[in-house]
Amino acid sequence: MKKASKTLIASVLVASMALSMTGCSAAAKECKEIGTEFIEAAFEREIEDMAELCEDEDDALAALAPFASDYDPVDAIIERATVEAGKASIKKDGGTVEFTITLPDYDAALDEDPEDVDEFADLLDEADTIEISITLEFVNKRDNWVIDNCDDFVEDFFEELYDIDFGFESMYEGWINSENWWGADGTVYGSGRSYLDLDLYVVDAHYYDDMEYYFVVYKDGNIIYTSRDYNDYGFLENYCYAEDTNLGGSFPSGSYTFVLYDADGVEFYRSTCTVQ
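Mind the numbering: the sequence shown is residues 63 to 338 in the working numbering, read in order.
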């Protein structure tokens, strides 16, 4: 009788362990799929889709907003990127998955001293590849696996790419001394705002007479407004009315990025505000 009891207990334990391992395996597979979707959305700058996969969607949107709009040199790199899920360590309530992102060797391409983004892109097509390792952390939130370290991804991926010295910068690079989002509390506007106004000041007053540029406004990565050829009013006043977009009479809540380009279409400044 004791022998039969021991056999039964052993069988139950084996079955329990098998179910546990099956559950962990299924969770690991799900987290790998979610992480891959998240990173592939990053390649496309679909930040709203990325945020929906995160534990705190609002915090994720805030962290991702500065990197939502187009930046041609970085776009040339990430358009050629791929991702592959690797080792996963997932338990009942959380865990991690390692991902390998493969990129064209942008340093080797820049060593060839490309004159512009188009030449840089051509060199990327001929370059070897490099790999970077990204670890995403997951938590189980109401039976749904979500990413819990979006800030780390921003630092390890986007910020690394934005820190690259591409060497073909605008002649206006570094001309901006300070900024003021007029009517905002720092960079935050209240609801019902009918226009956004980014005022910029330059390091030397005579620069005002020399600058010709235009700006583009992005909401969560999507273009909503492009200015005409632009000049100054003693300072660089960049404003956008909601009625001139497809958003209606006032700006809905979200992140808005103003990106300034010189006459040759090279970016030289960007700043992001938030409407609550």
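Ideal Cβ placement from N, Cα and C applies to all residues, glycine included.
CB of M112 within 8 Å of CB of A104, strictly: Your numbering for residue 112 matches position 50 in the sequence shown. Your numbering for residue 104 matches position 42 in the sequence shown. In this structure, M112 places its C-beta atom within 8 Å of the C-beta atom of A104.
Option in S195, E141, N206 with minimal Cα separation from K154: Walking along the sequence shown from the start, residue 154 turns up at place 92. Out of S195, E141, N206, N206 has the C-alpha closest to the C-alpha of K154.
Residues of its chain near G327, where Cβ-Cβ distance is below 7 Å and the 5 sequence neighbours each way are ignored: Here the question's residue 327 lines up with position 265 in the sequence shown. Around G327, the same chain offers no residue with a beta carbon nearer than 7 Å, after the five sequence neighbours per side are excluded.
Three or more C-beta pairs below 8 Å linking the region 243-250 and the region 217-225: Flag = no, the region 243-250 and the region 217-225 do not touch.
Residues bridged to D259 (per DSSP): Position 197 of the sequence shown, counted from the first residue, corresponds to residue 259. DSSP lists Y301 as partners of D259.
Under 8 Å between C-beta atoms of A143 and L165: Numbered from 1 along the sequence shown, position 81 holds the residue referred to as residue 143. Numbered from 1 along the sequence shown, position 103 holds the residue referred to as residue 165. Yes, the Cβ-Cβ distance between A143 and L165 is below 8 Å.
Segment contact flag, the region 248-257 with the region 300-320, C-beta cutoff 8 Å, min 3 pairs: They touch, by the three-pair rule.
Reduced DSSP category for T98 - H, G, I as helix; E, B as strand; rest coil: Here residue 98 refers to the residue found at position 36 of the sequence shown. Helix, per DSSP.
CB contact flag (T336, S317, <8 Å): As a first step, residue 336 must be located in the sequence shown, where it is residue number 274. As a first step, residue 317 must be located in the sequence shown, where it is residue number 255. Yes, the pair counts as a contact, with Cβ atoms nearer than the cut-off.
Chain-order list of residues whose beta-carbon lies under 8 Å from that of Q338 (same chain, five-residue window excluded): What you label residue 338 is simply residue 276 of the sequence shown in a count that begins at 1. Answer for Q338: V250, Y251, G252, S253, S315, listed in chain order.
I270, DSSP secondary structure in three states: Looking up residue 270 in the sequence shown gives position 208. The sequence shown places Tyr at residue 270, rather than the Ile named in the question. Residue state, collapsed to three classes: helix.
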